[in-house]
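**Q** Please read through the structure below; I'll follow up with questions.
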Amino acid sequence: MGDESAPEPNMRDLMAPVAYVLLHWGWLEEEVRARIKAIEPDRQLSEQSVWVHWREVEPGACQRIRTNIEMLVDVRNCLAHGLCGANADPRSGNEPHVVCHAGASQRHFNISELEQVADALHVARNAVRDGRI
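With the first letter of the sequence shown counted as 1, position 89 gets the number 88 in numbering that gives the first Met the number 0; the numbers rise by one all the way through.
So this is what it looks like as structure tokens:
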């Protein structure tokens, strides 16, 4: 009989949670935009960060969410602005990870960490959408 164990994660498996982190971040920002528009329908959202606008409109809620997602913001920013490599050799026995420039150093995020960040961003998005902040 053949080996019944699940195959080791490969590059495609690693890239999925990277995409999920970025997509969940985008969805979170869309919920923030919707919240701003619900509070101040006539506000023109300029090129500034949506977070700057939200802090002006609803400072307490913005601060609570930002405090809760500070580590998530850091990971998202590393992925969006510093992603420079990946390792996902299924034969290595090592958990797949991405590599990001972070100033003068590099940071590694493994597949399970990325999945946790995506899940936490999903929870934050729901909190903003449902007004649980």
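Where a beta carbon is used, it is the ideal one built from N, C-alpha and C, also for glycine.
(1) Using a Cβ distance threshold of 8 Å, determine whether the segment 120-131 contacts the segment 8-24, with at least three qualifying pairs required.
(2) With distances taken from CA atoms, which of M14, Q47, H52 and S48 is nearest P40?
(3) For R34, is the classification buried or exposed, using 16 other Cβ atoms within 10 angstroms of its Cβ as the cut-off for buried?
(4) Can you have a look at I110 and say buried or exposed, based on whether 16 or more other CB atoms are within 10 angstroms of its CB?
(5) Can you have a look at I38 and say buried or exposed, based on whether 16 or more other CB atoms are within 10 angstroms of its CB?
(6) Does R131 pass the burial test, meaning 16 or more other C-beta atoms within 10 Å, or should it be called exposed?
(7) With a threshold of 16 other CB atoms inside 10 Å of the CB of C83, please say whether the residue is buried or exposed.
(8) Does the separation of the CB atoms of L44 and R32 fall below 9 Å?
(9) Using CA coordinates, which residue listed in I68, P89 and R106 is at the minimum distance from L27?
(10) With distance defined between alpha-carbon atoms, name the residue in L78, S4, S91 and A103 nearest to H116.
(11) Run through the segment 61-94 for me and flag every whole alpha helix (DSSP H) of 4 or more residues, listed as ranges in chain order.
(12) Reducing DSSP to helix, strand and coil, say where S4 ends up.
(13) Please confirm whether A85 and H100 have their CB atoms less than 9 Å apart.
(14) Just the Cα atoms here: how many angstroms apart are R90 and H107?
**A** According to the data block:
(1) yes
(2) Its Cα nearest to that of P40, the residue H52 stands out among M14, Q47, H52 and S48.
(3) buried
(4) Residue environment for I110: buried (at least 16 other C-beta atoms within 10 angstroms of its C-beta).
(5) Taking every protein chain shown into account, the CB of I38 has fewer than 16 other CB atoms within 10 angstroms, so this residue is exposed.
(6) Flag for R131 reads exposed.
(7) Label assigned to C83: exposed.
(8) yes
(9) I68
(10) It is Val, not His, that sits at residue 116 in the sequence shown. If we check each option's Cα against that of V116, L78 comes out closest.
(11) Correct list: 69-81.
(12) coil
(13) no
(14) 19 Å
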